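Residue numbers (my numbering): 2 to 415.
Glycine included, each C-beta is placed from N, C-alpha and C at the ideal position.
Keep in mind the model is a prediction, meaning the values are calculated, not measured.
Here the structure is laid out as structure tokens; the discussion comes afterwards.
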Ligand SMILES: [Zn+2]
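Below you can see the structure in the form of structure tokens.
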């Protein structure tokens, strides 16, 4: 899943940019002889050796394992592994940034040290922000057919070229640079305040600890991006990264912590716990529901719309859009649906709904099962609660292009 963030302070003043394609190419893997000569870093102790298969001879020796970040140019793994039964003839290092994603790279043997060396460099279109966390293992085999897999190790794609502030709690790992230090503390607090809400709404906490990487400086924000990314995109959230990256401008640090981060983390929950229909009021309204600080009163804005007779149909067809000129309106309207649902059926109703959808039940059928009401009756009650007429107004005929699907801010799929 990928989710792009647009800063709504801009959107409200009419400066919503057109979504730009953001190419995500496969990771380019490469091993270079030059990097193979790099000396291993000290500090990593020997590991427990996995027993060799029964009946085979020989013994594995595992010495130092190292990881070196060369941000923004990738990273290098080295390993001192040898077998008394023969030379190492096969193997890879495999790493994961979040559960469900995996990458690997082959190794070369450094002719000077005999160490295994594997390198990864970002290729064209392969934007990788700093401070992603990696869990990695080496799996190797010797000429006699023995194999070995090392215990998982953790490392971070560190940017050591500038000053970053790192904070962590049981809920999240936060990195920030060029911003007031309080943004880290506020983010930890916001996540702690929402912990039990997330847990109740989704049935559990995320299966991993997410990270928020917050950029104050434009050069730091651009450094890891390969190729063109629209200047209007202020953030990206990807399950494959296990987190969100945000460029913080203008908005107060409280808005980022209690608004944007909580919203983006909700998108990670969506991807981890259900299969939300991409790019709809349903998914954006849901993420908005988890914000603890709003840029303005979203419900009040929708009530104004309702009083003016302009509240569109929600459950009939695709409902209000969440891109283009009226994008923000779609978020707000979607938000009120989730408020209505949880006001009446609690966070347990939220959990039931996303569970049914994950099981393959259609959105409206799932809503009917949770509420015990027909779709039309749900629509009617939601409208009346907002102060609108019980029946959605018939839309004045509009040019056909009005209904063309717009680019969605989500790309679902791993
Ligand atoms: Zn969103």
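Give a single yes or no on whether residue 235 has its beta carbon closer than 7 Å to a heavy atom of ligand 2.
By its list of ligands, the structure shown excludes ligand 2, since it contains just ligand 1.
Ligand 1 heavy atoms versus the CB of residue 1: any closer than 7 Å?
Any question about residue 1 goes unanswered here, given that the chain covers just 2 to 415.
What number of angstroms, rounded off, separates the C-alpha of residue 357 from the C-alpha of residue 259?
Their Cα atoms are separated by approximately 29 Å.
What span of residues does the beta strand (DSSP E) with residue 140 cover, start to end?
The continuous beta strand (DSSP E) containing residue 140 extends over residues 134–143.
Can you find a heavy atom of ligand 1 that lies under 7 Å from the Cβ of residue 241?
For ligand 1, not one heavy atom lies less than 7 Å from the Cβ of residue 241.
Just verifying my parser: in three-state terms, what is the DSSP assignment at residue 370?
The DSSP-derived three-state label of residue 370 is helix.
Bridge partners - residue 92, DSSP secondary structure assignment
DSSP, once it has assigned bridges, lists 141 as partnering residue 92.
Opening and closing residue of the alpha helix (DSSP H) in which residue 334 lies:
Here the alpha helix (DSSP H) through residue 334 covers 328–359.
Could you check the C-alpha separation between residue 294 and residue 341 for me, to the nearest Å?
Straight-line Cα distance between these residues: approximately 18 Å.
Mind the definition here: the segment 142–159 touches the segment 59–67 only if three or more C-beta pairs lie below 8 Å; say whether that holds.
Between the segment 142–159 and the segment 59–67, the count of C-beta pairs closer than 8 Å reaches three or more; the two stretches touch.
Within the segment 191–224, ranges of the alpha helix (DSSP H) (whole runs, at least 4 residues):
DSSP assignment within the segment 191–224 yields the following whole alpha helix (DSSP H) runs of 4 residues or more, N-terminal first: 219–224.
Span separating the alpha-carbon of residue 76 from that of residue 67
Rounded to the nearest angstrom, the two C-alpha atoms are 11 Å apart.
Heavy atom of ligand 1 less than 7 Å from the Cβ of residue 292, yes or no?
Not a single heavy atom of ligand 1 lies less than 7 Å from the C-beta of residue 292.
Can you tell me whether residue 167 is helix, strand or coil according to DSSP?
Assignment of residue 167 by DSSP, reduced to helix, strand and coil, places it in the strand class.
Label residue 367 either buried or exposed according to how many other C-beta atoms from any shown protein chain fall within 10 Å of its C-beta, with 16 as the threshold for buried.
Of the other Cβ atoms in all chains shown, 16 or more fall within 10 Å of the Cβ of residue 367; this residue is therefore buried.
Within 8 Å, strictly: CB atoms of residue 204 and residue 274:
The Cβ atoms of residue 204 and residue 274 sit closer than 8 Å to each other.
May I have the straight-line CA-CA distance separating residue 276 from residue 262, to the nearest angstrom?
Taking the straight line joining both Cα atoms gives about 21 Å.
Heavy atom of ligand 1 less than 7 Å from the Cβ of residue 264, yes or no?
Indeed, a heavy atom of ligand 1 lies less than 7 Å from the Cβ.
With a 10 Å radius around its C-beta and 16 neighbouring C-beta atoms as the bar for buried, classify residue 155 as buried or exposed.
Under a 10 Å Cβ-count criterion, residue 155 is classified as exposed, with fewer than 16 other Cβ atoms of the shown protein chains found around its own Cβ.
With the cut-off set at 8 Å, would you say residue 246 and residue 217 are in Cβ contact?
No.
Using 10 angstroms around the beta-carbon of residue 297, count the other beta-carbons present and answer buried if the total reaches 16, otherwise exposed.
Within 10 angstroms of the beta-carbon of residue 297 lie fewer than 16 other beta-carbons, which makes it exposed.
Out of 197, 127 and 394, point me to the one whose CA is closest to residue 230's CA.
Nearest in C-alpha terms to residue 230, of all of 197, 127 and 394, is 127.
Is residue 202 near ligand 1, with its Cβ less than 7 Å from a heavy atom?
For ligand 1, not one heavy atom lies less than 7 Å from the Cβ of residue 202.
Length of the line joining the Cα atoms of residue 445 and residue 373
Examination of residue 445 is not possible in this model, given that the chain is present from 2 through 415 alone.
Going by beta carbon distance, what residues of the same chain come within less than 7 Å of residue 347, once the five residues before and after it are set aside?
So the list is empty, once near-sequence residues are dropped.
8 Å CB neighbourhood of residue 105 in its chain, flanking five on each side removed
Within the same chain, residue 105 has close Cβ partners 30, 93, 94, 95 and 96.
So who's on the other strand from residue 247, going by DSSP bridges?
Bridge partners of residue 247 according to DSSP: 215 and 236.
Span of the alpha helix (DSSP H) holding residue 98?
Premise fails: residue 98 is in no alpha helix (DSSP H) and is neither H nor E.
Can you give me the Cβ contacts of residue 80 inside the same chain, cut-off strictly under 7 Å, excluding the 5 residues immediately before and after it?
Within the same chain, and ignoring the five residues on either side of residue 80 in sequence, the residues whose Cβ sits closer than 7 Å to its Cβ are 66, 116, 117 and 139.
Is residue 213 a contact residue of ligand 1, with contact defined as CB to any heavy atom under 7 Å?
The nearest non-hydrogen atom of ligand 1 is 7 Å or more from the C-beta of residue 213.
Taking DSSP as the reference, what is the three-state secondary structure of residue 176?
In the displayed model, residue 176 falls within a strand according to three-state DSSP.
My understanding is that residue 222 touches residue 129, with C-beta atoms under 8 Å, so please give their C-beta distance in whole angstroms.
At roughly 13 Å, the Cβ-Cβ gap does not stay under 8 Å, so residue 222 and residue 129 are not in contact.
In this structure, does DSSP put residue 71 in helix, strand or coil?
Here residue 71 sits in coil by DSSP.
Secondary structure of residue 227, DSSP reduced to three states
Coil.
Does any heavy atom of ligand 1 sit closer than 7 Å to the C-beta of residue 288?
Shortest gap from the CB of residue 288 to any heavy atom of ligand 1: under 7 Å.
Rounded straight-line distance, which links the Cα of residue 98 to that of residue 271
When rounded, the separation of the alpha-carbon atoms in residue 271 and residue 98 is 18 Å.
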